[in-house]
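Notes follow the structure.
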Amino acid sequence: MITLIGKALAEEGLEFQYRGPLMECRTCKLKNVCFNLDEGKWYRITKIRDKEHDCKIHEGGKVVTVEVEEIPVPIIISAKNVVEGETITYKPVKCRETKCEYYSLCHPIGLREGDKIKIVKVLENVECDKKNLKKVLVTW
Numbered sequence: 131m132i133t134l135i136g137k138a139l140a141e142e143g144l145e146f147q148y149r150g151p152l153m154e155c156r157t158c159k160l161k162n163v164c165f166n167l168d169e170g171k172w173y174r175i176t177k178i179r180d181k182e183h184d185c186k187i188h189e190g191g192k193v194v195t196v197e198v199e200e201i202p203v204p205i206i207i208s209a210k211n212v213v214e215g216e217t218i219t220y221k222p223v224k225c226r227e228t229k230c231e232y233y234s235l236c237h238p239i240g241l242r243e244g245d246k247i248k249i250v251k252v253l254e255n256v257e258c259d260k261k262n263l264k265k266v267l268v269t270w
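Below is the structure:
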């Protein structure tokens, strides 16, 4: 996949989460290239191309063309027996503790209840309010 990223950020191997389009960019002629990724998913830069473009948003006023690959997303799920390679229906952890260190992993951007997710890797158990939680890497 091809996208654009701020020149100051462009580094092979950089991993980032795409958070969605910015309102300030809605009139930019390059917005379709910048915003062609899936919101909430994680990507890794695999190649930096020579092509640069002017940008009003990024530091230094420049973006570069990069090739990226999707990588598994870290999330926390409520599960007793999670199996790597298994595809399950996503059900978010019920929690309102927004200051918890795990909150963003329990409520990942771009993932909605009912989405099918594939467990790529089981990472660890997570201690939280007597719930049986696991941190996992997933794709969807």
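Using the numbering used here, read the sequence shown as starting at 131 and increasing by one per residue. Note that the Cβ used here is the ideal one computed from N, Cα and C, for glycine as well.
Check your understanding: By a C-beta neighbour count over all protein chains shown, 10 Å radius and 16 as the cutoff for buried, is A268 buried or exposed?
Key -> Looking at the sequence itself, residue 268 is Val, so the reference to Ala does not match. By the neighbour-count rule (16 or more Cβ atoms within 10 Å), V268 is buried.
Exercise for review: Assign G150 to one of three DSSP states: helix, strand, or coil.
Suggested key: The DSSP-derived three-state label of G150 is coil.
**Study point:** For L134, three-class secondary structure by DSSP
**Key:** strand
**Study point:** Distance CB(E169)-CB(I239) smaller than 8 Å
**Key:** yes
Review point. With distances taken from CA atoms, which of L253, N166, Y220 is nearest E200?
Key: Of the candidates L253, N166, Y220, the one whose C-alpha sits nearest the C-alpha of E200 is N166.
Point to revise | K337 to V194 span [Cα, whole Å] | key: The requested residue 337 does not occur in the structure, where the chain is confined to residues 131 to 270.
Exercise for review: Tell me whether A138 is buried or exposed, calling it buried when 16 or more other Cβ atoms sit within 10 Å of its Cβ.
Suggested key: exposed
Point to revise | Run of the beta strand (DSSP E) containing K177, from where it starts to where it stops | key: 172-184
Review point. If you count every other CB in all the chains shown that lies within 10 Å of the CB of L263, and 16 or more means buried, which is it?
Key: By the 16-neighbour rule on beta-carbons within 10 angstroms, L263 is buried.
Check your understanding: Quick check: the segment 249-257 against the segment 209-223, are there 3 or more CB pairs under 8 Å?
Key -> yes
Check your understanding: Roughly how many angstroms lie between the CA atoms of G150 and E141, to the nearest whole one?
Key -> 20 Å
Review point. So, K265 versus L235, is the Cβ gap smaller than 8 Å?
Key: yes
Practice item. Return helix, strand or coil for N255, following the three-state DSSP convention. Key: strand
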